[in-house]
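One structure below.
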Amino acid sequence: MSSRSSSGDPYSSIAEEWTSIRWPEASPGKRRLLAERYRDLWGALDESSRTQLGPSQAEEVPSSEDAATGETKPSPLDLSSVDILTGTEFERVIGEAFKRKGYTVEYHGGPTEAGGDLVCWEGRSDRVHAVLVQVKRERCLTGTKAIGQILRKENWFRAKYPDASYEKWVLTSSDFTRQARVEAEGGRITLINQDALREWLSR
Numbered sequence: 007m008s009s010r011s012s013s014g015d016p017y018s019s020i021a022e023e024w025t026s027i028r029w030p031e032a033s034p035g036k037r038r039l040l041a042e043r044y045r046d047l048w049g050a051l052d053e054s055s056r057t058q059l060g061p062s063q064a065e066e067v068p069s070s071e072d073a074a075t076g077e078t079k080p081s082p083l084d085l086s087s088v089d090i091l092t093g094t095e096f097e098r099v100i101g102e103a104f105k106r107k108g109y110t111v112e113y114h115g116g117p118t119e120a121g122g123d124l125v126c127w128e129g130r131s132d133r134v135h136a137v138l139v140q141v142k143r144e145r146c147l148t149g150t151k152a153i154g155q156i157l158r159k160e161n162w163f164r165a166k167y168p169d170a171s172y173e174k175w176v177l178t179s180s181d182f183t184r185q186a187r188v189e190a191e192g193g194r195i196t197l198i199n200q201d202a203l204r205e206w207l208s209r
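Under the numbering used here, think of the first position of the sequence shown as 7, with each following residue one higher.
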């Protein structure tokens with residue numbers, strides 16, 4: 007975990023505002039810890055994801071291109087801050103990881119979603135092959151509900167893009183129940199638990 011001082015750090019005020027909004031009842035020590043973890047996460051995201059995830063000061067933060075070195079080198083995404091994120095925020099982090107790997111990402115989450123949170127197209131323009139992703143930010147084991155959601159997304163995708171190939175992923179911040187693994191095998195679904203996710207993010 008970073009031990010950066012807040013002096014001269016463009017993300018410090020963002021982190022402090024965000025933690026005071028999310029955890030007004032937290033002790034000063036806990037809020038300092040949460041602010042440090044959020045600052046590291048915030049620095050790893052692109053501008054679009056910051057706008058979706060961050061508080062009102064988002065537009066005031068300089069982009070990485072404004073750094074003194076003039077170079078843009080993304081910070082590695084990791085799982086150290088998952089427990090302070092909402093489900094939607096975790097989806098944004100995963101979407102950002104796909105973008106870094108060269109995918110074009112569509113966010114499909116929400117109360118009216120047709121199953122599946124992300125549709126990640128290989129490349130920047132051609133819609134030839136996609137990864138359909140159900141993202142679960144959970145402390146408990148992820149069960150069969152997630153399997154049903156990604157299968158619903160498969161039906162939607164096949165109707166909308168009949169000529170495109172695709173993969174189905176369910177990605178969790180925890181692990182999967184035995185029954186979820188059984189159903190995933192039958193549905194040809196790739197399951198990515200916390201350990202596999204950490205490895206994938208590090209590539």
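Don't be surprised by glycine CBs; every beta carbon is placed ideally from N, CA and C.
Since the model is a prediction, treat every value here as computed from it, not as a measurement.
For W127, the CB contacts under 7 Å within the same chain, skipping 5 residues up- and downstream, are Y109, T110, R133 and A136 in chain order.
For S208, the enclosing alpha helix (DSSP H) has its first and last residue at Q200 to S208.
The DSSP assignment places complete alpha helix (DSSP H) segments of no fewer than 4 residues inside the segment 142-205 at 150-166 and 184-192, in order along the chain.
In the three-state scheme derived from DSSP, where H, G and I count as helix and E and B as strand, T94 is classed as helix. Counting along the chain, V111 sits inside the beta strand (DSSP E) bounded by residues Y109 to Y113. T178 is the residue among K151, V125 and T178 whose C-alpha sits nearest the C-alpha of D89. CA-to-CA, the gap between D201 and D181 works out to about 9 Å. Counting other Cβ atoms within 10 Å of its Cβ, D123 reaches 16 or more and is therefore classed as buried. In this structure, the CA atom of Q155 is about 10 Å from the CA atom of V141.
For the pair K166 and P34, the Cα-to-Cα distance works out to about 50 Å. Annotation for R145: S180 place their beta carbon closer than 7 Å to its own, counting only its chain and skipping 5 residues before and after.
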